[in-house]
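So the sequence shown is numbered by my numbering: it starts at 1 and just counts up by one.
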Amino acid sequence: MAYDAALRKAVDILQNSSSVVAFTGAGISSEAGIPTFRGSGGLWERFRPEELATPEAFERDPERVWRWYAWRIGIVLSAEPTLAHRILARWEDEELLAGVITQNVDGLHQRAGSRRVVELHGRITRARCTGCGRSVELEAPPEEVPPRCGACGSLLRPDVVWFGESLPEDAWREAVELSSSCDAMLVIGTSAVVYPAAQLPLIAKAAGAKLIEVNPEETVLSRRVDAPLRMGASEALSALDEILGG
Ligand code: OAD
Ligand code: ZN
Numbered sequence: 001m002a003y004d005a006a007l008r009k010a011v012d013i014l015q016n017s018s019s020v021v022a023f024t025g026a027g028i029s030s031e032a033g034i035p036t037f038r039g040s041g042g043l044w045e046r047f048r049p050e051e052l053a054t055p056e057a058f059e060r061d062p063e064r065v066w067r068w069y070a071w072r073i074g075i076v077l078s079a080e081p082t083l084a085h086r087i088l089a090r091w092e093d094e095e096l097l098a099g100v101i102t103q104n105v106d107g108l109h110q111r112a113g114s115r116r117v118v119e120l121h122g123r124i125t126r127a128r129c130t131g132c133g134r135s136v137e138l139e140a141p142p143e144e145v146p147p148r149c150g151a152c153g154s155l156l157r158p159d160v161v162w163f164g165e166s167l168p169e170d171a172w173r174e175a176v177e178l179s180s181s182c183d184a185m186l187v188i189g190t191s192a193v194v195y196p197a198a199q200l201p202l203i204a205k206a207a208g209a210k211l212i213e214v215n216p217e218e219t220v221l222s223r224r225v226d227a228p229l230r231m232g233a234s235e236a237l238s239a240l241d242e243i244l245g246g
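So, in structure tokens, the structure goes:
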């Protein structure tokens with residue numbers, strides 16, 4: 001579909017939907033300087049997930065895992081929400097958007113002002129005690145790795161979902177509810193290959209919603225979307241915002 005036709009289609013979908021949900025991935029934060037996982041320059045090109053993002057890796061070498069997370073926490077804490085994050089937050093205020101479901105762990109949607117944010121994969125600036133379960137907000141990367149719990153002395157772990165782990169139950173339930181009840185889903189900046197998250201656009205579509213994809217690259221989802229916008233997140237959302245508001 002040509003650029004203009006896809007944009008017109010997306011606007012038409014949004015104008016005819018009473019409940020719109022955004023489903024976001026690492027691509028929306030790449031414009032904030034946070035590296036994505038896949039694609040050129042992606043983290044999984046340089047690092048091996050089985051050494052850094054699994055419970056087994058953490059058991060084997062918590063220091064190594066924490067060093068990598070400390071580096072990523074530093075990047076996240078110095079990043080600012082992008083125009084795309086801010087437009088989604090404003091659309092929620094204007095009641096054009098019911099909420100955001102995100103695979104991102106960077107907290108940028110909330111920092112941009114989004115209120116209903118379903119975090120499927122946890123939050124990188126939060127740690128959780130492997131002993132007593134207490135959760136700890138990190139205002140800076142831990143100075144000593146691996147950090148330990150102030151209450152019980154056990155190892156803290158990043159409060160994110162690792163490969164092989166299940167998603168937080170409440171978040172997943174809410175994500176499924178939003179996805180199966182929306183009329184349109186904006187799928188922004190995700191390669192749509194990590195399950196169960198990648199199931200959500202399919203759940204939405206099966207329940208009758210239209211899908212708008214915002215991604216400069218084609219994905220495995222592309223052939224099933226109604227309006228593919230081959231642009232970066234901020235460019236696409238500002239183009240939509242301009243037409244919708246004008
Ligand atoms: P990926 O890194 O797999 O995909 C990022 C997507 O963003 C790619 O399809 C890019 O083409 C696209 N992209 C790049 N720049 C963009 C831009 N400016 N605007 C819009 N899109 C852009 O990220 P996710 O799909 O989020 O899991 O990855 C899913 C999960 O895999 C992550 O949550 C993480 C990872 O392993 C956990 O942490 C559990
Ligand atoms: Zn503890």
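Ideal Cβ positions, reconstructed from N, Cα and C, are used throughout, including at glycine.
Q: Using only the heavy atoms of the ligand OAD, determine whether one of them is closer than 7 Å to the beta carbon of residue 26.
A: As a working note, residue 26 is residue 26 in the sequence shown. In this structure, the C-beta of residue 26 approaches the ligand OAD to less than 7 Å from one of its heavy atoms.
Q) Based on the DSSP secondary-structure assignment, which residues constitute the bridge partners of residue 23? A) Within the sequence shown, numbered from 1, the residue matching residue 23 stands at position 23. Paired residue(s): 101 and 187.
Q.
Can you tell me which residues form a DSSP beta bridge with residue 228?
A. For the purposes of this step, residue 228 is taken as residue 228 along the sequence shown, with counting starting at 1. Per DSSP, the beta-bridge partners of residue 228 are 213.
Q) Bridge partners of residue 11, per DSSP? A) For the purposes of this step, residue 11 is taken as the residue at position 11 of the sequence shown. For residue 11, which the question treats as bridged, DSSP gives no partner whatsoever.
Q) If you follow the beta strand (DSSP E) that residue 156 is part of, which residue opens it and which one closes it? A) Start at 1 with the first residue of the sequence shown, and residue 156 comes out as number 156. Residue 156 -> beta strand (DSSP E) spans 156-160.
**Q.** Same chain, Cβ closer than 6 Å to residue 237, neighbours up to 5 away in sequence not counted
**A.** Reading the sequence shown from its first residue, position 237 is the one you call residue 237. Cβ neighbours of residue 237 beyond the five flanking positions: 84 and 87.
Q) By Cβ distance below 6 Å, which residues in the same chain neighbour residue 225 in space, the five residues on each side in sequence not counted? A) By one-based count along the sequence shown, residue 225 stands at place 225. Beyond the five residues adjoining it in sequence on each side, residue 225 comes within less than 6 Å, by CB distance, of 211 and 213 in the same chain, given in chain order.
**Q.** Pairwise C-alpha distance: residue 125 and residue 13
**A.** The residue labelled residue 13 in the question sits at position 13 within the sequence shown. The residue labelled residue 125 in the question sits at position 125 within the sequence shown. When rounded, the distance between both Cα atoms is 36 Å.
Q: Going by DSSP, name the residue or residues bridged to residue 135.
A: Counting from one through the sequence shown, the residue named residue 135 turns up at place 135. Partner(s): 128.
Q: List the residues that DSSP assigns as beta-bridge partners of residue 122.
A: As a working mapping, residue 122 is identified with position 122 in the sequence shown. DSSP output for residue 122 lists 160 as bridge partner(s).
(Q) Please state whether the Cβ-Cβ distance between residue 146 and residue 156 is less than 8 Å. (A) To locate residue 146, count along the sequence shown from 1; it is residue 146. To locate residue 156, count along the sequence shown from 1; it is residue 156. A contact, by the Cβ cut-off of 8 Å.
**Q.** Contact test: residue 182 Cβ vs the ligand ZN heavy atom, cutoff 7 Å
**A.** Indexing the sequence shown from 1 puts residue 182 at position 182. The answer is no for residue 182.
Q. What do you reckon, are the CB atoms on residue 116 and residue 92 nearer than 8 Å?
A. Along the sequence shown, read from residue 1 onward, the residue named residue 116 stands at position 116. Along the sequence shown, read from residue 1 onward, the residue named residue 92 stands at position 92. Yes, the Cβ-Cβ distance between residue 116 and residue 92 is below 8 Å.
Q) Whose C-alpha, out of 28, 159, 148 and 36, is nearest the C-alpha of residue 232? A) The residue given as residue 232 occupies position 232 in the sequence shown. The candidate whose alpha carbon is nearest that of residue 232 is 28.
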